[in-house]
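Everything below concerns the one structure shown next.
Number of protein chains: 2
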Amino acid sequence: MRALPGPASLSAALLLMLSAGFHVAALKTPHLLGRHRLARSFSQQRAVFYKTLYFDQQIDHFGFLENGTFKQRFLLNDKHWHQKNNPILFYTGNEGDITWFCNNTGFMWDVAEELGAMLIFAEHRYYGESLPFGDESYSNASYLNYLTSEQALADFARLIENLKESISGAQNSPVIAIGGSYGGMLSAWLRMKYPSVVIGALAASAPIWQFTDMVPCGDFYKIVTQDFANSGINCSKNIRRSWMAVNNVSSTDEGLQWLYKEFGLCSPLKEEDVGGFKGWLQETWVNLAMVDYPYEANFLQPLPRWPIKVVCSHLQFDTGVSDKQLLHGIAQAVKVYYNYTGTAVCLNISQTATGSLGIRGWFYQACTEMVMPMCTDGIQDMFEPQVWNFQAFSDECYEIFGVRPREHWAGTVYGGKNIGSHSNIIFSNGGLDPWMSGGVTKNFSDSLVAIMIPDGAHHLDLRYNNQYDPQTVIRARALEVQYFKNWIKHSTIT
Amino acid sequence: MRALPGPASLSAALLLMLSAGFHVAALKTPHLLGRHRLARSFSQQRAVFYKTLYFDQQIDHFGFLENGTFKQRFLLNDKHWHQKNNPILFYTGNEGDITWFCNNTGFMWDVAEELGAMLIFAEHRYYGESLPFGDESYSNASYLNYLTSEQALADFARLIENLKESISGAQNSPVIAIGGSYGGMLSAWLRMKYPSVVIGALAASAPIWQFTDMVPCGDFYKIVTQDFANSGINCSKNIRRSWMAVNNVSSTDEGLQWLYKEFGLCSPLKEEDVGGFKGWLQETWVNLAMVDYPYEANFLQPLPRWPIKVVCSHLQFDTGVSDKQLLHGIAQAVKVYYNYTGTAVCLNISQTATGSLGIRGWFYQACTEMVMPMCTDGIQDMFEPQVWNFQAFSDECYEIFGVRPREHWAGTVYGGKNIGSHSNIIFSNGGLDPWMSGGVTKNFSDSLVAIMIPDGAHHLDLRYNNQYDPQTVIRARALEVQYFKNWIKHSTIT
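Note that the protein sequences, when read in sequence, are chains A and B.
Okay, so the first sequence: first residue is 1 according to UniProt numbering, each after it adds one.
Okay, so the second sequence: first residue is 1 according to UniProt numbering, each after it adds one.
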């Protein structure tokens with residue numbers, strides 16, 4: 001999931017995305033998803049086995065004029081599902097190829113045997129192979145009209161009902177929704193909106209409150225900043241100083257040339273690229289905050305363990321250094337992210353990871369329902385100040401997609417902060433994860449609970465067990481499984 | 001709310017409705033709503049005072065391409081709402097003009113003072129004045145596409161949020177949804193889907209289970225039959241025998257002429273009208289079952305107290321009578337319904353009450369989401385046998401509206417019989433009401449409860465207090481208010 005950029009950079013970003021290649025040079029935004037190509041090529045990936053299946057879904061669940069269907073892809077593993085009425089763990093796919101989520105949700109694979117669970121990974125419409133209008137799905141506003149979270153939830157509900165009817169012995173199987181990030185929001189919402197199909201949900205790092213008037217718009221970038229501040233002396237301070245240093249150095253042709261060489265960029269830096277260059281740096285820091293895992297991993301990029309510590313080891317200067325000395329450090333730091341494997345020939349400021357269709361879809365969602373205000377002030381965070389301006393954002397969405405975001409709709413449809421009447425949802429949050437800013441971090445009741453993982457980044461709990469896992473994530477996973485068992489036990493009594 | 005007719009008569013019914021005048025001659029169906037013209041002219045109506053207001057609603061809450069709005073009408077009375085944070089009772093309008101529901105929901109007016117409550121009556125889109133595309137709203141399938149219960153619920157949710165923001169002192173007012181029949185279903189669903197906007201719901205005579213595979217399709221007509229069987233010796237038996245008598249007598253021209261005169265019909269009966277004539281009789285019996293109230297009332301028609309008893313007083317013959325003797329009794333019985341006031345010049349088999357736009361809208365809803373299977377066997381009920389045939393029904397819907405019903409969608413989206421995780425919903429049911437067949441008649445938990453009113457017809461509890469009210473409805477209303485107070489008390493604590 002990407003945070004929304006400020007309006008100034010949004011237009012450029014989206015327009016770029018919509019052109020061939022979907023470069024995202026100007027995006028001052030974190031991004032999370034749609035990185036499956038890299039992820040799959042990285043050495044630490046474990047092999048998982050599943051059947052790939054398809055289910056005919058209504059294109060429009062909420063209207064009857066459009067009566068067409070499309071093939072929704074889902075992945076199924078029943079290796080440990082031996083007994084009638086054993087549980088089903090159902091991953092509510094988010095904005096990307098479902099195989100990538102399948103490979104990056106090791107927790108489900110790790111607990112399947114203990115729970116005797118079937119695993120299902122359901123792809124979100126408009127991503128991966130689940131395209132309602134095939135290759136044309138993104139070609140116009142009319143085809144894009146069915147890309148909403150409500151339609152996706154209805155897909156999941158219909159699919160679950162169908163699976164329970166069609167799989168012998170599954171008719172009374174309790175189903176638990178699991179998801180991370182936007183997928184975690186969907187898990188929580190699936191339980192809220194369709195409690196008849198899932199007995200509970202694990203919503204990992206799910207910022208269901210990252211909407212207008214629910215949380216301060218600056219919290220996200222504050223957490224990013226804290227991660228750097230806590231990972232090395234002067235680290236966040238030097239990043240905060242770096243923006244002005246970039247401005248200074250890039251004000252001359254010599255300086256632009258120096259930056260190009262120092263950062264090992266793929267193309268020479270021009271004056272008009274400076275904004276994009278800073279946006280690319282900002283997105284890099286945000287991505288690092290999301291994937292600051294305690295072991296070598298490849299989620300957005302192949303990275304060392306505790307990557308921000310490694311990054312910060314290059315940024316320990318006192319205030320006395322020159323702009324170029326400072327930016328030399330920044331360049332070294334950035335290369336931790338882009339060239340940990342040592343195989344990068346050059347750095348491309350149009351990319352912070354490989355692109356995918358997911359980006360376009362997510363921006364459409366951000367331009368309609370998923371309006372997540374973000375802002376920076378340069379004081380409580382280490383970024384250049386940028387206010388949140390809904391009207392400007394709306395205008396740019398309209399220009400690009402022909403639709404306008406509805407600022408308050410997500411709050412209405414999903415209940416905003418008033419969710420206390422629901423049950424059986426776990427909200428897990430990583431203390432290092434900027435998305436915790438919009439997460440549910442306190443218990444509402446015995447069955448609507450928050451689990452904190454202070455030294456966890458973005459949904460660390462959904463990853464495979466690892467020898468370097470901190471105790472907090474080990475405990476979180478154990479607690480999650482305990483809730484699952486409790487839900488399952490009670491579901492089979494009734 | 002109308003029960004669905006069998007497929008044979010549906011097509012004729014719908015085609016007729018869609019022609020000018022919306023005659024519904026061939027409908028073998030109960031109908032409930034859209035009778036406001038008559039209702040308002042009847043003497044027992046009490047005067048109620050309200051402001052008529054309008055709120056701009058999105059035409060499409062679930063897609064962003066159609067960004068138009070329409071004016072949703074709602075009625076507001078705040079006579080007893082004196083204190084900040086006092087409660088709001090919110091009527092979730094069903095398929096008809098909201099003023100009619102406002103006038104026929106005396107319960108809310110009766111309890112407003114005790115609760116210090118504001119009263120809101122919100123009109124359902126596509127009915128009354130709340131027409132998304134004005135006079136064109138019903139002109140084509142594309143305009144009708146936004147007539148769904150989900151859109152209506154979203155309207156209610158948005159309206160409530162807006163009212164709480166815009167009315168000074170209402171920001172923390174607890175809101176309770178109240179509705180009867182389809183409006184009761186909407187109340188229950190509003191609490192299920194938007195628990196952040198309503199703290200609880202009273203769903204009176206709300207057949208939320210009258211969908212495919214949830215209840216036997218014959219239960220509805222069985223209850224109708226029981227009402228007649230219990231209201232007079234031989235009453236249901238003679239009605240059961242009457243269909244064959246109609247067939248026999250109508251097989252000659254003389255017999256058709258006799259029926260025309262005996263029933264005082266407005267136009268001569270032709271051979272091809274006989275099916276419609278029987279459908280009209282059937283609908284008359286069903287309507288009587290719905291409005292078998294213990295006092296003189298005018299809901300669908302002006303009627304005496306316990307109207308079925310009066311009807312049955314004309315149908316006490318033993319088995320020995322001739323067809324014409326039997327049908328003479330039927331004619332007398334029918335006139336209890338159509339001519340209690342003695343002012344009817346003739347009986348029109350195209351009408352069982354005055355028509356309104358509501359009928360067309362309800363049939364569109366029946367042809368999309370609100371698929372409510374109905375059947376008769378002539379043994380356990382007093383009607384001619386008719387099976388339920390979904391495919392034939394679907395084909396006819398397609399022919400008429402260009403859309404196909406989705407048989408299982410209502411079950412998916414509203415949870416079917418698996419609603420136990422919800423809270424704060426009262427399902428009240430009348431033991432005389434055929435719609436009890438699809439109602440929730442058992443408690444799920446302390447806060448998801450059923451209230452039975454054995455001698456109540458269709459949502460008797462929502463009507464004004466009356467000196468002839470049976471004890472069971474007096475107790476039911478008291479209990480309902482007790483639940484309201486309890487919900488309100490707990491809502492103000494949190």
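We put the CB at the ideal spot given by N, CA and C, even for glycine.
Remember, predicted model here, so these are calculated numbers, not experimental data.
Would His124/B and Ala154/B qualify as a contact pair, given that the criterion is a beta-carbon distance under 7 Å?
Result no, Cβ atoms of His124/B and Ala154/B do not sit closer than 7 Å.
So Met118/B is in the beta strand (DSSP E); what residue range does that whole segment cover?
118-122
Distance between Ala410/A and Phe62/B (C-alpha atoms, nearest Å)
11 Å
Could you tell me whether any Cβ in chain A is nearer than 7 Å to the Cβ of Arg125/B?
no
Ile453/A, buried or exposed, once every other Cβ within 10 Å from all chains shown has been counted against 16
buried
So is Ala392/A in contact with chain B if we call contact Cβ pairs under 7 Å?
no
Quick one: what does DSSP say Leu16/A is sitting in, helix, strand or coil?
Confidence at Leu16/A is low in this model, with a pLDDT of 34, below 50, so the placement of that residue should be treated as unreliable; the coordinate-derived value is given next. Residue state, collapsed to three classes: helix.
On the criterion of 16 or more Cβ atoms from any shown chain inside 10 Å, does Lys193/B qualify as buried, or is it exposed?
buried
Are any of the Cβ atoms in chain A nearer than 7 Å to that of Thr376/B?
Cβ-Cβ to chain A under 7 Å: no for Thr376/B.
Span of the beta strand (DSSP E) holding Asp56/A?
51-58
For Ser491/B, which residues in the same chain have their Cβ closer than 8 Å to its Cβ, ignoring the five residues on either side in sequence?
Pro174, Ile199
Measuring straight from C-alpha to C-alpha, what distance separates Leu186/B and Thr148/B?
11 Å
Starting from Lys71/A, follow its DSSP beta bridges and name the residues at the other end.
Looking at the DSSP assignment, Lys71/A forms a beta bridge with Asp56/A.
Is the beta carbon of Ala182/B sitting closer than 7 Å to the one on Glu114/B?
Going by the sequence as given, residue 182/B is Tyr instead of Ala. No, the Cβ-Cβ distance between Tyr182/B and Glu114/B is not below 7 Å.
Strictly under 7 Å for the Cβ-Cβ distance: is Gln210/B near chain A by that measure?
no
If I measure Cβ to Cβ from Ser242/B and keep anything under 8 Å in the same chain, skipping five residues before and after, which residues do I get?
Leu281, Leu326, Leu327, Ile330
Assess contact between the region 223-237 of chain B and the region 307-321 of chain B, defined as three or more Cβ pairs (one per stretch) separated by less than 8 Å. Is contact present?
yes
Along the region 60-76 of chain A, where does the CB come closer than 9 Å to a CB of chain B? Name the residues.
Contact annotation: in the region 60-76 of chain A, residues whose CB is within less than 9 Å of a CB in chain B are Asp60, His61, Phe62, Gly63, Phe64, Leu65, Glu66, Asn67.
Within 10 angstroms of the Cβ of Thr29/B, are there 16 or more other Cβ atoms? Answer buried if so, exposed if not.
Confidence is the limiting factor: at Thr29/B the pLDDT is only 39, short of 50, which leaves the residue's position unreliable and the question unanswerable from this model.
With a threshold of 7 Å on Cβ separation, who are the neighbours of Thr225/A within its own chain once the five nearest residues in sequence on each side are excluded?
Ser236, Asp381, Met382
Per-residue contacts from Ile419/B into chain A (C-beta, under 9 Å):
Pro195, Ser196
Just checking: is the beta-carbon of Glu396/B within a distance shorter than 7 Å of some beta-carbon in chain A?
no
Just curious, the beta strand (DSSP E) that Phe90/A is in, first and last residue?
Following the DSSP letters along the chain, one finds Phe90/A inside the beta strand (DSSP E) bounded by residues 88-92.
Would you say the region 101-110 of chain A touches the region 47-54 of chain A, given that touching needs at least three Cβ pairs under 8 Å?
yes
Can you find a CB in chain B that lies within less than 7 Å of the CB of Gly415/A?
yes
Spatial neighbours of Leu144/B within its chain, please: CB distance less than 6 Å, with the 5 preceding and 5 following residues excluded, ordered by chain position.
Excluding sequence positions up to five before and after Leu144/B, its CB lies within less than 6 Å of the CB of Tyr364, all in the same chain and listed in chain order.
So, does the CB of Asn145/B fall closer than 7 Å to a CB anywhere in chain A?
yes
For Glu165/B, does the count of other Cβ atoms within 10 angstroms reach 16, so buried, or fall short, so exposed?
Residue environment analysis places Glu165/B among the exposed positions, since fewer than 16 neighbouring C-beta atoms fall within 10 angstroms of its C-beta.
Report back the beta-carbon spacing between Ala157/B and Val197/B to the nearest angstrom; my notes put them in contact at under 8 Å.
5 Å
The alpha helix (DSSP H) with Gly128/B in it runs from where to where?
No alpha helix (DSSP H) holds Gly128/B; DSSP gives it neither H nor E.
Neighbour-count burial assignment, Lys485/A, 16 or more Cβ in a 10 Å radius
exposed
Could you spell out the range, first to last residue, of the beta strand (DSSP E) harbouring Ser231/B?
Counted as a single uninterrupted DSSP element, the stretch harbouring Ser231/B is not any beta strand (DSSP E), since DSSP gives it neither H nor E.
Three or more C-beta pairs under 8 Å: does that hold for the region 285-304 of chain A against the region 455-475 of chain A?
Contact between the region 285-304 of chain A and the region 455-475 of chain A is present, because at least three Cβ pairs lie under 8 Å.
Give every residue of the same chain whose Cβ lies closer than 8 Å to the Cβ of Glu271/A, excluding the five residues on either side of it in the sequence, and list them in chain order.
Ser250, Leu256
Could you work out which residues of chain A lie near Ala141/B, taking near to mean beta carbons separated by less than 9 Å?
Going along chain A in sequence order, the residues near Ala141/B (Cβ under 9 Å) are Phe64, Leu65.
Throw me the rounded Cβ distance for the Gly430/A and Gly456/A pair, which I believe falls under 8 Å.
About 3 Å separates the two Cβ atoms, so the contact holds.
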